[in-house]
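Reviewing the structure listed below.
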Amino acid sequence: MTELGNRLKEARIEKGFSLDDLQTMTKIQKRYLIGIEEGNYSSMPGNFYVRAFIKQYAEALNLNPDEIFETYKSEIPASLNDELPQLSRVKTHKAISEGNSKIFDILPKVLIGVFVIGVAGLLYYFLYNHAGKNSNESLSKDNEQVKFVKSENLEKAKANELEKKDSEKAKEPKKEEEKPPVVEAPKQELAVVQSSGRNSTYSLKNADKFIVKLVATGKSWVGVKNSTGKMVNQWTLDKDKLPSQTVDLTTESNAVIRVGNAAGVEIYVNDQKLEYAIAPTQNVQNIKIQYVPKTQ
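Following numbering that gives the first Met the number 0 from start to finish, the sequence shown increments by one per residue and tops out at 295.
Quick look at the structure:
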């Protein structure tokens, strides 16, 4: 095992991550992670992938990749330019001649195609203008104004009837409108039920939805499991690269939020900030929220 492998393994154990956790966070196969810790790079596709996997491993543990590469440069293989295929820049006279011959064979066909397209375009232009002119003439005929002859006696009778109704309404005593009492809806309750070690449980009541928003204040890995224990989504949040994520859990009776670095992320439930029951540090926390819909 190399000094680099020892340092990465100790950092992983200190943060409470297993190799399976790290595989989920980085998407790197477990056998490659074991190879990095043991200093055995022979199973990896090439030097480029060795360096890329080490960089992802370090970032997942909040280590500085540049410092890692500088400190252990003697243990990390360099990226070789000779892994790229060499392309010949020389073209033979024969190849150039064959290319020119093909161009001359295709050129007449191209000219014929351009001519046919031009003729079709002219036909479309004349047909379109002719159809538009007929359509405008038809619309102008349909929009001719229709004149109505109004009866003066009928208008006067309507005006007198309206005045009579207005005067009768004015004589009636005004009744005060009864306003229905305002019933305030109960406010959402998000409270701690219990906490122990790295695990804490909350209850969510008087809420008609269950939406969790994760806001990065630093850098942290976060995973969300539904009521069946299945991981529905996971992210590596970064306030500069991926500052926030939102997940709708309204259909779930409960959910577990696994935070790799609680100090680097804030949790909001229906826009209400969740106060950590356990002091937020760089250690892993499991936060379970039990949701009781308002109708129940």
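A virtual CB, placed ideally from N, CA and C, is assigned to each residue, including glycine.
V264 sits close to A215, with the two beta carbons spaced by under 8 Å. Cβ contact annotation for N285 (same chain, cutoff 7 Å, sequence separation greater than five): R197, N198, V255, R257, in chain order.
Looking at the DSSP output, V223 bridges to N232, I256. Contact check for Q289 against N253 passes: the beta carbons are separated by less than 8 Å. The beta carbon of L273 sits closer than 6 Å to the beta carbons of I266 from its chain, once the five residues preceding and following it are set aside; these are given in chain order.
The criterion of a C-beta distance shorter than 8 Å is not satisfied by A184 and S202. Under the three-state reduction of DSSP, I35 is assigned to helix. Restricting attention to alpha helix (DSSP H) runs no shorter than 4 residues, the segment 16-66 encloses them at 18-25, 29-37, 46-59, ordered along the chain.
The alpha carbon of F68 has as its nearest neighbour, out of K212, L7, L32, K178, the alpha carbon of L7. Boundaries of the alpha helix (DSSP H) around A10: 2-13. Straight through space, the alpha carbons of T235 and S219 are spaced by roughly 6 Å. In the structure shown, D165 falls within a helical segment according to DSSP collapsed to helix, strand and coil.
DSSP places Y124 in the helix class (H, G or I) of the three-state scheme. Under DSSP, the beta-bridge partners assigned to D247 are I210.
For Q284, the enclosing beta strand (DSSP E) stretches over residues 284-292.
Contact between the segment 24-42 and the segment 50-57 is present, with at least three C-beta pairs closer than 8 Å. Using a Cβ distance threshold of 8 Å, G4 and E36 count as a contacting pair.
When rounded, the separation of the alpha-carbon atoms in S41 and I12 is 24 Å. Of the residues T250, G228, T245, the one whose Cα lies closest to the Cα of A206 is T250. Taking the C-beta atoms as reference points, M0 is found nearer than 8 Å to G38. A residue is called buried once 16 or more other Cβ atoms fall within 10 Å of its Cβ, and L121, having fewer, is exposed. Counting along the chain, the unbroken beta strand (DSSP E) around I266 starts and ends at 264-268. Within a 10 Å sphere around the beta-carbon of I75 sit 16 or more other beta-carbons, which makes this residue buried.
Y123 and I116 have their alpha carbons spaced roughly 11 Å apart.
Between G217 and A278, the C-beta gap is not smaller than 8 Å, which leaves the two residues out of contact. Note on geometry: alpha-carbon atoms of E2 and A77 lie some 17 Å from one another.
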